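Residue numbers (our numbering), protein chains in the order written: chain P, 1 to 380; chain G, 381 to 760. Note that the Cβ used here is the ideal one computed from N, Cα and C, for glycine as well. Values in this document were obtained by computation on a predicted structure and should not be read as measured data. Below: the structure, in structure tokens.
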């Protein structure tokens, strides 16, 4: 037995210790220099990194990998690799990937500034749940994501933020591309946001869950879904609020402790859900959103008398209506027109205009700006 | 205003409806034919699919993509693409990916048989949580994954299975590669497994969470971690059980309603945790595991008097000790030696020998076989 034990120690020790000592790729220096090392054979005609500020970064082969570097300001970045003949690839040396609609990308975070908000820091972390609810309106079970802050226990009364994704997104989008759980952990730990529950439903009523996570199976990802902005999601929203009331009793019970926010299509949903329920949401934030139904008259009552109901929303005196958009956003003109309408009628809202366009960089930033404003009635 | 509305309807309608109508890639026919269509330019010297039964599948360019097909039995499969000059790539037309240690792979599921167990079916779904606990033993906060079955509410008394990953894995491995939440949903819905809570901790005490999900940041993934099989994880296990007792009160309180199972390093942890706590776990399952400490005498009391304590574990009369391994597993001989030892001492256990080796295909299958045996004292 003793000989056998020694044999095992030797053979298994070699195996379990055999994991490669991997370098972090890309390597990121304290000054923001990002050094890429994409694993690929030497005899490729070209390799480059796409998607970063500053345009395409061409790589050259050296010491077993295709290498290049760029200095980037602190932030969260996504990128892909352009390989031989321009074939789109991932950096297989970087296991950190994220999906945006039907596109896979690598990501990296440059710390030291804005990026710190998107990192998992050494702070108390909330719990993230994937849970399901029955949707009679959809006719099937649907999944949503829920963030509860560190220390939350059933029975605690906490405010609730409903946080809605855009067209082509799903209940995972704010957690993955949006880094929502990290932003919340960090702002709450710094005392810059109130502890809150964040409910991230799936705004595509034609799907049960994120691609690959429902009985639809592994479908190709498309934005051409049934029930996209036809009023059905807004009509079904009380189902989601009922699920929250049952599972998080005492939380998000009235306007003073309930917020709703969303990006793009989610901004559209935010506005219409809020205007259909005046006085129910005390805090309303629209990121790069729209109000005009892009699919026209879908037959839903939700899209009737929009202007009149919009004024009714403001008449209920929400604590905060926040509108954010980038200067280059293709929805900029749509936003201007509605702000003109609100201004003409003396509606009170806050407006934040950023650089850039219809991007996750902006939506992460807007969320980071809005969270400190929620559930603090004296906040300015 | 009316003109503006019509303008918006037209322009935005075009944009929001512009999502590509994507085909599912790969397409999977009812007879198990999997048809790949990897998006890449025509002028590549070669493209192939690696990782499927039957060896490399060479693709040929046709109609805008590199195509090939193979008939596969119903199951869950992972694969990668070999591109020009053999560069390792993903199939960028298939957004479904999974990470195994430092390797990214696409996956696909062929339904119609064993694969059905790994799909999200149209059944009631449990909730999956990522939650954190304080680990004084590690010196930092650590993340674990928890599955609670459909209908669970705090206060319900349910059995608990602790399910442990292998070397190089983390608290996400059983959910991603292991499809654990799907297997549980499906077996519980069929009445073939008892509703249970499944706790999936991170067995690498040197890391706080899966790569990219802790304050360590985006590190390269390695199996060469501190505290790998040196006794520290087993010693820290009471911290995890205390977290469960606090957060899932009334669940997994004694041997009759507590199980532990794991694969490879997780099988090693399973055995040692169980033998350090005789009479605490009524159901013990080791998948492709080992017992002999591969790192030798680490100074931990956990690895002292292994044989004597192993006999003590059996003397406490657990309902089930289950050992599963593949004929081609490199740990096969290690398993034989310990089974000889158990047999010599009249220890009662069940043994399942499968084809194949040290693979997730086997571990998913073992889990599917073991779950129906848990918490049913009359089960045979």
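- Task: Tell me residue 258 of chain P's beta-bridge partners as DSSP assigns them.
- Result: P/160
- Query: Grouping DSSP H, G and I as helix and E and B as strand, with all else coil, what is residue 96 of chain P?
  - Reply: coil
- Query: Could you give the distance in angstroms between the alpha-carbon of residue 752 of chain G and the alpha-carbon of residue 577 of chain G?
  - Reply: 14 Å
- For the beta strand (DSSP E) holding residue 198 of chain P, just list the boundary residues, first then last. 197-200
- Return the residue from the list G/556, G/534, G/645 and G/533 that minimises the CA-CA distance to residue 585 of chain G. G/645
- What are the start and end residues of the beta strand (DSSP E) that includes residue 524 of chain G? 520-528
- Message: Once the 5 residues before and after residue 747 of chain G are set aside, which same chain residues still bring their CB inside 7 Å of it?
- Response: 558, 560 and 563
- Thinking just about the alpha-carbon of each residue, which of G/420, G/704 and G/711 is nearest to the one in residue 745 of chain G? G/704
- In three-state DSSP terms, what is residue 438 of chain G? strand
- Message: Since residue 143 of chain P and residue 209 of chain P should fall inside the 8 Å C-beta cutoff, what is the C-beta to C-beta distance between them, to a whole number of angstroms?
- Response: 4 Å
- Query: Using CA coordinates, which residue listed in P/88, P/77 and P/125 is at the minimum distance from residue 108 of chain P?
  - Reply: P/77
- Among residues of its own chain, excluding the 5 on either side of residue 698 of chain G, which ones have a beta-carbon nearer than 6 Å to its beta-carbon? 662 and 664
- Any C-beta of chain G under 9 Å from that of residue 111 of chain P: yes
- Message: Going by the DSSP bridge assignment, what does residue 42 of chain P pair with across the sheet?
- Response: DSSP output for residue 42 of chain P lists no bridge partner at all.
- Task: Answer yes or no: does any C-beta atom of chain P fall closer than 9 Å to that of residue 579 of chain G?
- Result: no
- Please report the Cβ distance between residue 462 of chain G and residue 430 of chain G, rounded to the nearest whole angstrom; I am assuming they are in contact, meaning their Cβ atoms lie under 8 Å. 5 Å
- Query: Would you call residue 474 of chain G buried or exposed, if buried means 16 or more other Cβ atoms sit within 10 Å of its Cβ?
  - Reply: buried
- Contact between the segment 500-514 of chain G and the segment 522-536 of chain G (3+ Cβ pairs under 8 Å): yes
- Who are the Cβ neighbours of residue 70 of chain P in its own chain at under 7 Å, not counting the five residues just before and after it? 34, 52, 54 and 57
- Query: So is residue 411 of chain G in contact with chain P if we call contact Cβ pairs under 9 Å?
  - Reply: no
- Item | alpha helix (DSSP H) segments (min. 4 residues) lying fully within the segment 301-376 of chain P | 306-315, 332-344 and 360-370
- Stretch pair the segment 632-646 of chain G + the segment 543-555 of chain G: three plus CB contacts closer than 8 Å: yes
- Query: DSSP state of residue 291 of chain P, grouped into three classes?
  - Reply: coil
- Task: Would you mind working out which of P/48, P/216, P/200 and P/369 sits nearest residue 175 of chain P, comparing C-alpha positions?
- Result: P/200
- Skipping 5 residues on each side, what residues in its chain have a beta carbon closer than 6 Å to that of residue 187 of chain P? 193 and 371
- residue 428 of chain G - DSSP class collapsed to helix/strand/coil: strand
- Item | Test item: CB-CB of residue 500 of chain G and residue 220 of chain P under 9 Å | no
- Query: Applying the criterion that 16 or more other CB atoms from any shown protein chain within 10 Å of the CB defines a buried residue, is residue 351 of chain P buried or exposed?
  - Reply: exposed
- Message: Would you say residue 521 of chain G lies against chain P (beta-carbon separation less than 9 Å)?
- Response: yes
- Message: Please state the DSSP three-state secondary structure of residue 385 of chain P.
- Response: A query on residue 385 of chain P cannot be resolved here, the shown segment of chain P reaching from 1 to 380 and no further.
- Message: Nearest by alpha-carbon distance to residue 482 of chain G: which of P/104, P/101 and P/96 is it?
- Response: P/96
- Query: Helix, strand or coil: which one does DSSP assign to residue 101 of chain P?
  - Reply: coil
- Can you list the residues of chain G that residue 96 of chain P reaches, using a CB-CB cut of under 8 Å? 591, 592 and 598
- Message: For residue 206 of chain P, would you say it is in contact with chain G, using Cβ-to-Cβ distances shorter than 9 Å as the test?
- Response: no
- Residues within the segment 492-510 of chain G neighbouring chain P, beta-carbon criterion of under 9 Å: 499, 500, 501, 502, 503, 504, 505, 506, 507, 508, 509 and 510
- Just the C-alpha distance for residue 551 of chain G and residue 694 of chain G, rounded to the nearest angstrom, thanks. 28 Å
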